[in-house]
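Following: one structure in structure tokens, then a few remarks.
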Amino acid sequence: MTWHEITIGGYAVLLLAAIGLQLNARDPRSRIPSLREVLSRFLASRSGRIAALAAWAWLGMHFFAL
Amino acid sequence: MKGTSRWVKAWPATPLGRVRDQPSARLLRHVAAITGDARVSVLLLAGFFDGISDNWVHGIVLWGAAAAVGTEANSERHAAGGIVSTTPVGQADAVSPPSWRAAVIAGLAVTYAIVVGSWHRYTWPTTAAILLPALLLLVIAWRAPVIHQSKPRSSSGSTRPWVALGIAAGLWELLALVGQPSLTEGSYDHPTFSFLMDSVLANHLGRSLTFLAWLSLGWFLITTTTASPRATHETAPEARRDLA
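Right, dumping it as structure tokens:
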């Protein structure tokens with residue numbers, strides 16, 4: 031197994047874990063909130079909203095802008 | 011020593027509250043509160059790593075965002091009153107536009123993404139095309155009233171799996187970054203997420219889809235918690251504390 035495959039495998043595990051958490055959150059008995067609920071909690075204040083939008087703006091700049 | 015004895019003499023007569031309200035003490039408290047905010051710490055760290063990856067402009071942008079978030083969070087903590095809406099998400103008279111307007115906005119976004127995707131990355135036109143919506147939504151995020159969120163069904167402790175996943179993702183990305191030959195040179199053996207995206211963003215379709223996904227994420231973030239002025243009203247400090 032190469033380092034490339036291990037690194038990609040790590041990203042795949044993280045993605046699967048996120049999908050697993052989200053599916054678990056759909057269970058009404060689950061104490062884990064959905065990603066949308068987590069985001070809503072984070073965005074509940076103006077500072078949280080600014081932080082999220084700044085991170086979003088940076089993401090666009092990182093991939094496209096000078 | 012003369013100064014010290016004078017200070018000692020003055021100490022018993024100085025009410026503790028007055029000492030706490032001195033400008034230097036206030037500044038220290040503000041700095042401690044700002045740097046202790048996890049959101050600020052993440053933005054500062056991200057700015058640092060972006061900077062040492064030879065992109066100090068983006069790093070400085072992130073540090074500026076950290077300063078803005080910290081300042082805003084500090085003023086939120088000290089606010090005695092203000093505009094807070096009690097309208098739950100989903101019932102708001104909010105930014106959510108009528109369906110025909112949403113369709114127009116979606117059409118414009120798709121057209122915008124197709125046009126911008128036809129341009130090469132890291133050029134001035136693409137930079138301007140990114141900065142335009144980014145600045146617009148940041149201004150809206152700063153100025154528009156916030157919709158009060160309905161409480162999630164679970165306790166605050168249950169967000170830990172998501173937080174742990176975010177930290178794990180950050181550490182994995184960091185491991186890939188330090189595994190590169192240098193911080194400015196990508197590696198096939200230790201690809202960062204950005205390195206993997208390079209192949210997607212190498213063609214027009216990939217750039218347009220990524221740009222559209224980015225615009226959609228921004229739209230989601232801004233419409234989730236942004237209320238129109240009509241949806242808000244002044245609340246008393248007691249009610250504000252209840253909401254917190």
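So the protein sequences, as listed, match chains P and R. The first sequence runs 31 to 96 under our numbering. The second sequence runs 11 to 254 under our numbering. Positions of the beta carbon are idealized from the N, C-alpha and C atoms, including for glycine.
Short CB-CB distance (under 9 Å) between residue i and chain P
i                  : result
Phe-59 of chain R  : no
Asn-213 of chain R : no
His-68 of chain R  : yes
Asp-47 of chain R  : yes
Trp-110 of chain R : no
Thr-272 of chain R : The first residue shown for chain R is 11 and the last is 254, placing residue 272 of chain R beyond what the model contains.
Ser-168 of chain R : yes
Val-71 of chain R  : yes
Leu-147 of chain R : yes
Ile-140 of chain R : yes
Ala-178 of chain R : yes
Leu-184 of chain R : no
Leu-231 of chain R : yes
Val-126 of chain R : yes
Contact belief for residue i with residue j at Cβ below 8 Å, rounded distance in angstroms
i                  : j                  : result
Arg-76 of chain P  : Glu-82 of chain R  : 6 Å
Tyr-87 of chain P  : Ala-144 of chain R : As written in the sequence, residue 87 of chain P is Ala, which differs from the Tyr given in the question. Contact holds; Cβ gap of about 4 Å.
Gly-228 of chain R : Leu-147 of chain R : 5 Å
Leu-51 of chain P  : Leu-181 of chain R : No, Leu-51 of chain P and Leu-181 of chain R are not in contact; Cβ-Cβ is about 17 Å, not under 8 Å.
Leu-89 of chain P  : Trp-224 of chain R : 6 Å
Ser-218 of chain R : Ile-124 of chain R : 5 Å
Val-71 of chain R  : Leu-222 of chain R : About 23 Å; that fails the 8 Å criterion.
Ile-80 of chain P  : Ala-78 of chain R  : 6 Å
DSSP three-state assignment for residue i, whether helix, strand or coil
i                  : result
Ser-192 of chain R : strand
Ser-70 of chain P  : helix
Ile-62 of chain P  : coil
His-200 of chain R : coil
Thr-133 of chain R : coil
Asn-54 of chain P  : helix
Met-207 of chain R : helix
Asp-64 of chain R  : coil
Gly-40 of chain P  : helix
Ala-139 of chain R : helix
Leu-146 of chain R : helix
Leu-96 of chain P  : coil
Ala-223 of chain R : helix
Contact with chain R by residue i, beta-carbon distance below 9 Å
i                 : result
Met-91 of chain P : yes
Arg-56 of chain P : no
Leu-53 of chain P : no
Nonlocal neighbours in the same chain, by C-beta distance under 7 Å from residue i, ignoring five residues either side
i                  : result
Val-210 of chain R : Gly-216 and Thr-220
Ser-60 of chain P  : Asn-54
Pro-63 of chain P  : Ala-55
Own chain residues within Cβ distance below 8 Å of residue i, not counting five before or after
i                  : result
Thr-136 of chain R : Val-126, Trp-129 and His-130
Ser-197 of chain R : Ala-186, Gly-189, Gln-190, Pro-191 and Phe-205
Residue i: CB within 8 Å of a non-hydrogen atom of the ligand ADP
i                  : result
Ala-212 of chain R : No copy of the ligand ADP occurs in the structure displayed, which carries no ligand at all.
Neighbourhood of residue i by C-beta, 6 Å cutoff - its chain only, sequence neighbours within 5 removed
i                 : result
His-68 of chain R : Asp-60
### Query
Listed from N- to C-terminal order along the chain, which residues in the segment 190-213 of chain R have their beta-carbon within a distance smaller than 8 Å of any beta-carbon of chain P?
Residues Tyr-198, Asp-199, His-200, Pro-201, Phe-203, Ser-204, Leu-206, Met-207 and Leu-211.
### Message
Against chain R, which members of the segment 77-89 of chain P pass a CB distance test of less than 9 Å?
### Response
Hits within the stretch, in order: Ser-77, Gly-78, Arg-79, Ile-80, Ala-81, Ala-82, Leu-83, Ala-84, Ala-85, Trp-86, Ala-87, Trp-88 and Leu-89.
### Query
Got a sec: which bits of the segment 57-75 of chain P sit with their beta carbon under 9 Å from any beta carbon on chain R, in order along the chain?
Cβ contacts with chain R come from Pro-58, Ser-60, Arg-61, Ile-62, Pro-63, Ser-64, Leu-65, Arg-66, Glu-67, Val-68, Leu-69, Ser-70, Arg-71, Phe-72, Leu-73, Ala-74 and Ser-75.
### Residues of the segment 36-52 of chain P with Cβ closer than 8 Å to any Cβ of chain R, in chain order
Contacts with chain R (Cβ-Cβ distance below 8 Å) from the segment 36-52 of chain P involve Thr-37, Ile-38, Gly-40, Tyr-41, Leu-44, Ala-47, Ala-48 and Leu-51, listed in chain order.
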